[in-house]
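To convert a position in the sequence shown, counted from 1, into my numbering, add 1. Idealized CB from N, CA, C, for every residue including glycine. Only a predicted model underlies this, so the values are computations on that prediction, with no experimental measurement involved.
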Amino acid sequence: MESNAVISLRGITRDFQLGAQTVYVLKGIDLDIQKGEYVALMGPSGSGKSTLMNLLGCLDTPTAGSYTLAGRDVSRMDDNDLAAVRNKEIGFVFQTFNLIPRQTALQNVALPLVYAGKSKEERTLRAEEVLGQVGLDDRMDHHPNQLSGGQRQRVALARALVRQPALLILDDTTSALDP
């Protein structure tokens, strides 16, 4: 159990009440993820993958246990502090991509930098750089409905990477890949 892990989970439990019954979705999870490490969560439907991803992404909190992200205990933070952690430390690519239809690929990718207080010039340069890294430098001015599913997924990936997060969470990463 490394102390320099980017992610460290200890005794993580997440349960939900269904009427009078307690349903344990996660029970006693211990996990360390080192910087640069890739981890895939795999299992059948209903096995707790989404619940664990929501906890890792600070979209939910555990019922019990501790979660440390980049040296900070996030398991007991309030909603405002969790939102700040998500904004600064975590990049998400959701299965549905959540792109803004009226904005171009460039504008969609630059959006997190607006919330980071970056100037328009900084936002544009960084968004162009990351779109180039995902092979979409020729699609920057296209709106989501003008892009293939795989291209939309790469825009979502670029948006997740634009702030250089400590943690990148991708949900169902192969669902829309171009051949």
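Checklist line | Whole alpha helix (DSSP H) elements within the region 59-137, 4-residue minimum | finding: 80-90, 106-116 and 121-134
Checklist line | Cβ-Cβ distance between T105 and D138 below 7 Å | finding: no
Note to self: Rounding to the nearest angstrom, what Cα-Cα distance links L162 and T52 in this structure?
What the structure shows: 23 Å
Next item on the list: Decide if L132 is buried, meaning its Cβ has at least 16 other Cβ atoms within 10 Å, or exposed.
Entry: buried
Item checked: Assigned secondary structure, S51 (DSSP; H/G/I helix, E/B strand, else coil) -> helix
Next item on the list: Between the Cα of V135 and those of V75, L158, Q22 and L126, spot the shortest distance and give me the residue it belongs to.
Entry: L158
Notebook entry, point to check: At a cut of 8 Å, does the region 47-65 reach the region 24-35 through at least three beta carbon pairs?
Noted result: yes
Note to self: If I follow the unbroken beta strand (DSSP E) through V24, where does it start and stop?
What the structure shows: Q22 to I34
Next item on the list: Could you check how far apart the C-beta atoms of I101 and L57 are, in whole angstroms? I think they sit under 8 Å.
Entry: In fact, because the Cβ distance is near 25 Å, the residues do not count as touching under 8 Å.
Checklist line | The alpha helix (DSSP H) enclosing L158, as first and last residue numbers | finding: G150 to L162
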